[in-house]
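Position 87 (the sequence shown) corresponds to 1176 in this note's numbering; numbering is contiguous. We put the beta carbon where it would ideally sit given N, CA and C, even for glycine. On a predicted model such as this, the values are computed, not experimentally measured, just so you know. Worksheet: the structure to be examined is printed underneath.
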Amino acid sequence: MQTVITILIVLALAAAALTGLGVLLARTPLDRLHFLAPLGTLGVLLFAAAAVLMTGPTLSSVLIGLTAVITAVSSSVLVVAVGRALADEAGIDVGESPE
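Put into structure tokens, the structure is as follows:
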């Protein structure tokens, strides 16, 4: 079990490192934004999976999983909203508001 936990943590750290590298290499804010999405979803879910496996079948595991899912979903929504605002500010046609 410890091996699986270690693999999940290493994968999450790799996702974080690659995200950071992508943000450093990207030139525009819109390009940088694309690199943040994987960390907010994949990285969070991998860390949470490792934490759930470490704590075992407890209420804490349920709370960790629920928090990770909420974070992953809200992170994706936030990336889209910020991207839309950045594109609008840059004068890129973003279409009509979904409101």
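query, result
"Cα-Cα separation between residue 1101 and residue 1107, rounded to whole angstroms", "10 Å"
"Helix, strand or coil at residue 1095 according to DSSP, with G and I counted as helix", "helix"
"Of the residues 1157, 1147, 1149, 1125, the one placed nearest residue 1169, counting alpha carbons only", "1125"
"Nearest-angstrom Cβ-Cβ length linking residue 1098 and residue 1142, presumed shorter than 8 Å", "About 10 Å separates the two Cβ atoms, so there is no contact after all."
"DSSP three-state assignment for residue 1172, whether helix, strand or coil", "helix"
"Residue environment, residue 1129, which counts as buried when at least 16 other CB atoms sit within 10 Å", "buried"
"Residue 1192, buried or exposed, once every other Cβ within 10 Å from all chains shown has been counted against 16", "Only positions 1090 to 1188 of the chain appear in this structure, which leaves residue 1192 out of reach."
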